[in-house]
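Letter by letter, the sequence shown follows residues 6 to 137 of my numbering. Okay, structure first, notes after.
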Amino acid sequence: MDKQELLKVTRTDLVRDSGDIFDSLMRGSVAMIEKRGKPQAILIDIYDFYSLRAAALHGVGVHEVEISPEELDEFVKSGPEEDELHVKVIGQYLAEGITLEKAAELLGITSVELKSRFMRLHLLGRGGENNA
6 MDKQELLKVT
16 RTDLVRDSGD
26 IFDSLMRGSV
36 AMIEKRGKPQ
46 AILIDIYDFY
56 SLRAAALHGV
66 GVHEVEISPE
76 ELDEFVKSGP
86 EEDELHVKVI
96 GQYLAEGITL
106 EKAAELLGIT
116 SVELKSRFMR
126 LHLLGRGGEN
136 NA
């Protein structure tokens with residue numbers, strides 16, 4: 006992530022300016038919570054977290070089971086939890102089982118929004134290209 010996206014925030018700032026901080030998170034910023042100048046925690050948008058988690062799990066081969074597009078559609082229709090949905094759908098996209106457009110459709114967002122998120126998070130698309 007670019008340096009300008011990293012907000013350094015004290016715990017006092019978090020309490021005092023929580024609304025502004027959370028608005029920044031929703032726009033793609035990351036907040037690093039510090040105590041006495043030392044990092045303590047990171048806050049990120051929940052959908053960025055889901056995307057990063059899905060990419061990490063895919064990277065270590067946790068969800069390597071290939072499923073058909075029909076099985077993926079059925080999984081989505083079954084009403085999984087948000088994190089499960091993202092892990093499965095983004096995992097299938099990264100495994101080249103579905104297109105970016107199909108992944109966005111299954112996640113209920115536009116392909117432009119998903120592509121923007123992937124580019125901001127530096128998640129590589131098919132063939133190592135950042136065409137996410």
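No residue lacks a Cβ here, since even glycine has one placed at the ideal position from N, Cα and C. Small disclaimer: the values here were computed from a predicted structure and weren't measured.
State the beta-bridge partners of residue i as determined by DSSP.
| i | result |
| --- | --- |
| I47 | M37 |
| L11 | V35 |
To the nearest angstrom, report how far apart residue i and residue j are at their CA atoms.
| i | j | result |
| --- | --- | --- |
| D7 | R41 | A caution first: D7 carries a pLDDT of 46, below 50, which makes its placement in the model unreliable, though a value can still be read off. Whole-angstrom Cα-Cα distance: 24 Å. |
| S23 | G113 | 28 Å |
| S29 | Y55 | 18 Å |
| A59 | T104 | 16 Å |
| D25 | S73 | 43 Å |
| A46 | S34 | 14 Å |
| E87 | V94 | 11 Å |
| L119 | G102 | 16 Å |
| I49 | V81 | 25 Å |
My output table needs one value for residue i: the three-state DSSP class, helix, strand or coil.
| i | result |
| --- | --- |
| G102 | coil |
| S121 | helix |
| E76 | helix |
| T115 | coil |
| H63 | helix |
Using a Cβ-Cβ cut-off of 6 Å (strictly less than) and excluding sequence neighbours within five positions of residue i, which residues of its own chain qualify?
| i | result |
| --- | --- |
| R125 | G33 |
| H63 | G96 and L99 |
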